[in-house]
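Heads up, the thing below is written out as C-alpha cells.
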Amino acid sequence: MNMDMSQYLDLFLDESREHVDNMNQKLLELEKKPDDLSVLNEIFRSAHTLKGMSSTMGFDDMADLTHHMENVLDDLKEGELSADTFTVDVLFRCLDRLQLMLDNIREGGSGGINSSDLVDLLDQIRNRELVEEKETGVQHAAAIAEPVSPEALEPEPSEPPIVPDMNEYELAVIREAFARQLNVFYIKVLVDPDCLMKQVRAFMVFKALEEDGDVIKSDPPAQELDEGRYGEGFEVILVSKAEEDDIRSRLEQISEIRVADIQKLNAGAFYTAPPSVKTGQVTTTESSKQPTKDSDIAGDSGPTQERVQKIRQTVRVDIRRLDNLMNLVGELVINKGRLEQIGQSQKITELNETIEQIDRITTDLQNEVMKVRMVPIKQVFNRFPRMVRDLAHELEKEVNFILEGEETELDRTVIDEIGDPLMHLLRNAIDHGLEIPEERVALGKPRIGLVKLSARHEGNNVFIEVIDDGKGISVQDIKRKALEKGMITPKESEQMDADSAISLLFRPGFSTAENVTDVSGRGVGLDVVKSKIESLNGDISVEFQPGKGTIFRIRLPLTLAIIQALLVGVGDETYAIPLGSVDETTMLSRDEIKLVQNQEVVLLRGSVLPLARLHQLLQVPKEQGADDSVYVVVVRKGDKRTGLVCDNLIGQQDIVIKSLGKLLSGIGGLAGATILGDGQVALILDVGTLF
Numbered sequence: 015m016n017m018d019m020s021q022y023l024d025l026f027l028d029e030s031r032e033h034v035d036n037m038n039q040k041l042l043e044l045e046k047k048p049d050d051l052s053v054l055n056e057i058f059r060s061a062h063t064l065k066g067m068s069s070t071m072g073f074d075d076m077a078d079l080t081h082h083m084e085n086v087l088d089d090l091k092e093g094e095l096s097a098d099t100f101t102v103d104v105l106f107r108c109l110d111r112l113q114l115m116l117d118n119i120r121e122g123g124s125g126g127i128n129s130s131d132l133v134d135l136l137d138q139i140r141n142r143e144l145v146e147e148k149e150t151g152v153q154h155a156a157a158i159a160e161p162v163s164p165e166a167l168e169p170e171p172s173e174p175p176i177v178p179d180m181n182e183y184e185l186a187v188i189r190e191a192f193a194r195q196l197n198v199f200y201i202k203v204l205v206d207p208d209c210l211m212k213q214v215r216a217f218m219v220f221k222a223l224e225e226d227g228d229v230i231k232s233d234p235p236a237q238e239l240d241e242g243r244y245g246e247g248f249e250v251i252l253v254s255k256a257e258e259d260d261i262r263s264r265l266e267q268i269s270e271i272r273v274a275d276i277q278k279l280n281a282g283a284f285y286t287a288p289p290s291v292k293t294g295q296v297t298t299t300e301s302s303k304q305p306t307k308d309s310d311i312a313g314d315s316g317p318t319q320e321r322v323q324k325i326r327q328t329v330r331v332d333i334r335r336l337d338n339l340m341n342l343v344g345e346l347v348i349n350k351g352r353l354e355q356i357g358q359s360q361k362i363t364e365l366n367e368t369i370e371q372i373d374r375i376t377t378d379l380q381n382e383v384m385k386v387r388m389v390p391i392k393q394v395f396n397r398f399p400r401m402v403r404d405l406a407h408e409l410e411k412e413v414n415f416i417l418e419g420e421e422t423e424l425d426r427t428v429i430d431e432i433g434d435p436l437m438h439l440l441r442n443a444i445d446h447g448l449e450i451p452e453e454r455v456a457l458g459k460p461r462i463g464l465v466k467l468s469a470r471h472e473g474n475n476v477f478i479e480v481i482d483d484g485k486g487i488s489v490q491d492i493k494r495k496a497l498e499k500g501m502i503t504p505k506e507s508e509q510m511d512a513d514s515a516i517s518l519l520f521r522p523g524f525s526t527a528e529n530v531t532d533v534s535g536r537g538v539g540l541d542v543v544k545s546k547i548e549s550l551n552g553d554i555s556v557e558f559q560p561g562k563g564t565i566f567r568i569r570l571p572l573t574l575a576i577i578q579a580l581l582v583g584v585g586d587e588t589y590a591i592p593l594g595s596v597d598e599t600t601m602l603s604r605d606e607i608k609l610v611q612n613q614e615v616v617l618l619r620g621s622v623l624p625l626a627r628l629h630q631l632l633q634v635p636k637e638q639g640a641d642d643s644v645y646v647v648v649v650r651k652g653d654k655r656t657g658l659v660c661d662n663l664i665g666q667q668d669i670v671i672k673s674l675g676k677l678l679s680g681i682g683g684l685a686g687a688t689i690l691g692d693g694q695v696a697l698i699l700d701v702g703t704l705f
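Every position in the sequence shown, counted from 1, becomes a number in my numbering once 14 is added.
Given below as C-alpha cells:
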C-alpha cells in the first residue's frame, strides 16, 4: 500500500483543530474539577491521537510537544501530579503553540516551530531533568493509553479464525511460506468508531505489518482500505518471520487501533477449508461462535450496524464545493425569474404550467442547499470559554460564563464574520461591565460575576445576546464623556433621551472608561461591532439597568446568499430592498405628506413616520409625470421606522446577492447587487447605512 500523505493534509488539519478545541474545553473543565478522571482521560486521548496523526504526517515538532504533554497528563492520571493553576496554564500555552503550528501548516509551512521552552516547563512540572527525546514517528506513541472507545474495542476471546476465500496464487504463496518455515497469522484489527482518518489508520497498520512480512490477503481489499471504505475494522492474512507478541505490540502502539484477535495458523487450514467458505462467512457448525459480518466484531450486531451506517452517511465536503453549488443554484434562481417574465409577457399556458413546476423544484433545491450550508454557531462559541478564562485571570475577576443555544444554526458566510464582534462584546462585558469581586460583595451581589452568551432562532433571523450582571450603563456618564470629547453640545445633552445617549456608544473612538487599557472599556470597538453587523444585514440594540447589568442583542439573517427582496422602481432604475427590513408598503396622496422642520412626514395609523425620497438619497433622476400619489416602503432600522418614497413597486422576488467587488466595497447604503431575470443588474439597498 503506497500512499501520498499530502492528500490527507486537509483532513489532518480539520481533525487536529477539533482535538485542540476539545482539549481547550476539557482543560477548562479540569480546572473546575481537578480530580475528574474522565476529563483527564479525554484530554489524554486527544493528545495521544494528535501525536500519532502529526507523527504519521511528518510534523515532528508537533509530535514531540504532544509527547511531552502526554507525560504530564499520564502523571496527572496516575495521581503523581495535581492539576494546579501552574500546570493548567502551561498546558494551555502548549495548546496555543499547537494552534500556531496548525496555522503555519495551513499556510503552507512545515509546522516547524521550536517548543523547547514549553518542553522545559513540562519537564519542570514533572520534577526531573529534561531528557532529550530523539525518537520520531510512530515510535513516539505511548506504551500505556486509556482505551479509546467503549466495549466495541475490547479484545475478543481467541477463537478459530475465518479463513478468507483465496485464489490459487494466494494459496501458493502461503504454502511456500509454510515450506520455508515462516509464520502465517490471521489478524483482526479494530478502529475507533469515532476515527475520522480511517485511511491513515489502515496505512499505518499495513506499514507496521510489512516491516518484516507481507500481507497476502485483506478483507476488505486494500483499495477499499486505502479509501477508508470499511466498517469498524478489517482482517488480514500475514506471512512474517516475526512472532505473535512482537506483531501485537507493534500494532497496539498505533493510536485508535486495537488488535481484536491474532492467531498463528497451521498449514491444514489452507488445504482443507471447504469451497463454500467465503470472505466474511462461516460454516454452519461455527455460526454460533463466529462473527458473520463486520458489525459482529463488537459482539452486538444491531447497534453496531446502525453506528456503522451513520458513519457512512456522514461525509466531509470541501467548502468550496458548497460555494460552487450555491452559485449554481443562484444562477438557476436568476433564470427561473427570466422564465417567469417570459411566461407573463407571452401568456403561453403550457409554459406557465412548466414554470410553476420548475419553481417548486427550484425552491426545494434552494432550501436543501441552504440547509447543507448551515452550521451550528458553537463553532464560534467554543473559542470564547478559553478567552473568558484568560481575561478573567488577567483582570483578577471571577466569572461564571454560560453558553446557551450552541446548536442554533447559521449560514457559513455569517458564521465566518460574527466571531470578532462577539469577542469585542464579551471583552467589554468582563472588563467594563463586571465589577471586581470585593466591589460586588459590598454591593450585595454574588462574588462571581455572570456573563451569558446565547443564541436562538426567531423566524428567518437569529438573535444573539451578550448578557452581564455588572454595573450596567450610566446615561449621565455617556453624556459627560460626549461633552468632554466635543461630540455633543450642552443643549443637545439636556434634550437627549436615553436611547439617543446609548447610540453614542457606537460612535468611533467613544468610551466611558476612565483608563483605556489593552483590553478596552465599554465603547471601544463598538463602532466596529456595529459596522460589521450592519454589513451582514443585521442590527444591534442595547438594554440596561444601572447597577444590575446590560444586554447587547444582535439580530442576524439566517443566510446572506439567497434572500427575499422587494423590487422597487426609482426613475429608470430598479433596486432591491431585503424583505427582512420591510415592515409594510402603502400608497400616499400628495396631500397627506406634511413638512415639519424641513422634514417630510406622514401620519400613519396615529404615528408620525419620517419620509425619505429614494431619488434624492440615490441621486437618480426623478421620473417625469404626475405626482398626485407616491408609493412608500416602510423600513425598520432598530426601533426606528422610515418611509422610503419610490416611483413604483415591482414585486417580491428571491434574489442572489453578488458582491460589488473591492473597488466599490464600503459604499454606504449598498449591500451588493443582484442579476434580474432579464439580465439587468439591480443594486441591493442596505437600510442600516442608507440614511
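Here a beta-carbon is modelled for each residue, glycine too, at the ideal position from N, C-alpha and C.
The beta strand (DSSP E) runs lying completely inside the segment 361-438 and spanning 3 residues or more are 388-390, 413-418 and 423-425, given in chain order. The bridge partners DSSP lists for Ala626 are Leu658. For Thr99, the enclosing alpha helix (DSSP H) starts and ends at Thr99 to Arg120. Val615 is bridged by DSSP to Lys608 and Pro624. For the options Gln267, Ser130 and Arg215, the alpha carbon positioned closest to that of Gly247 is the one of Arg215.
With a beta-carbon spacing of about 12 Å, Arg454 and Gly447 fall beyond the 8 Å limit used to define contacts. DSSP places Pro571 in the strand class (E or B) of the three-state scheme. Excluding its 5 nearest sequence neighbours in each direction, Leu95 has C-beta neighbours in its own chain below 8 Å: Val86, Asp89, Thr101, Ile139 and Arg140, listed in chain order.
Of all alpha-carbon atoms in Tyr244, Lys278 and Glu249, the one lying nearest the alpha-carbon of Asp260 is that of Lys278. Distance from Ile57 to Leu41 at the Cβ level is roughly 6 Å; contact confirmed, criterion being Cβ atoms closer than 8 Å. Taking a contact to require three or more Cβ pairs closer than 8 Å, the segment 677-693 and the segment 353-362 qualify as touching. Leu409 has its alpha-carbon roughly 11 Å from the corresponding atom of Arg441.
Rounded to the nearest angstrom, the gap between the Cα atoms of Asp553 and Asp75 is 45 Å. Taking 7 Å as the cut-off, the beta carbon of Val428 is found closer than this to the beta carbon of Leu570.
CA-CA distance, Asp491 to Asp482, rounds to 19 Å.
For Glu598, the three-state secondary structure derived from DSSP is strand.
Remark: C-beta atoms of Ile478 and Leu424 do not approach each other more closely than 7 Å. Assignment of beta-bridge partners to Ala579 by DSSP yields Pro592 and Gln667. Spanning the alpha carbons of Met384 and Asn341 requires a straight line of approximately 11 Å.
Taking all protein chains in view, the Cβ of Arg494 is surrounded by fewer than 16 other Cβ atoms within 10 Å, so the residue is classified as exposed. The beta strand (DSSP E) runs lying completely inside the segment 489-525 and spanning 3 residues or more number zero. Inter-residue distance for Asp378 and Leu697 is about 26 Å (C-alpha atoms, whole angstroms).
Taking Lys608 as the centre and dropping the five residues before and after it, the same chain places the C-beta of Glu614, Val615, Val616 and Leu617 closer than 8 Å to its C-beta, in chain order. Under the DSSP definition of a beta bridge, Glu249 partners with Lys202 and Asp233.
DSSP places Glu258 inside the alpha helix (DSSP H), whose first and last residues are Glu258 to Glu266.
Here Glu225 carries a coil assignment [DSSP, helix/strand/coil]. Listed in chain order, the non-local C-beta contacts of Ala512 below 7 Å within the same chain comprise Val489, local neighbours out to five positions each way being set aside.
By the CB criterion at 7 Å, Leu581 and Gly665 fall inside the cutoff. A residue is called buried when at least 16 other Cβ atoms come within 10 angstroms of its Cβ; Val250 meets this threshold and is buried. For the pair Pro399 and Gly583, the Cα-to-Cα distance works out to about 49 Å. Taking Asn381 as reference, the option from Leu632, Leu631, Thr573 and Asp541 with the minimal CA-CA separation is Thr573. Around Asp642, the same chain offers Ser603 and Arg604 as residues with beta carbons nearer than 7 Å, after the five sequence neighbours per side are excluded. When the five nearest sequence neighbours on each side are left out, the beta carbons in the same chain lying within less than 7 Å of the beta carbon of Leu27 are those of Leu116, Ile119 and Arg120, in order along the chain.
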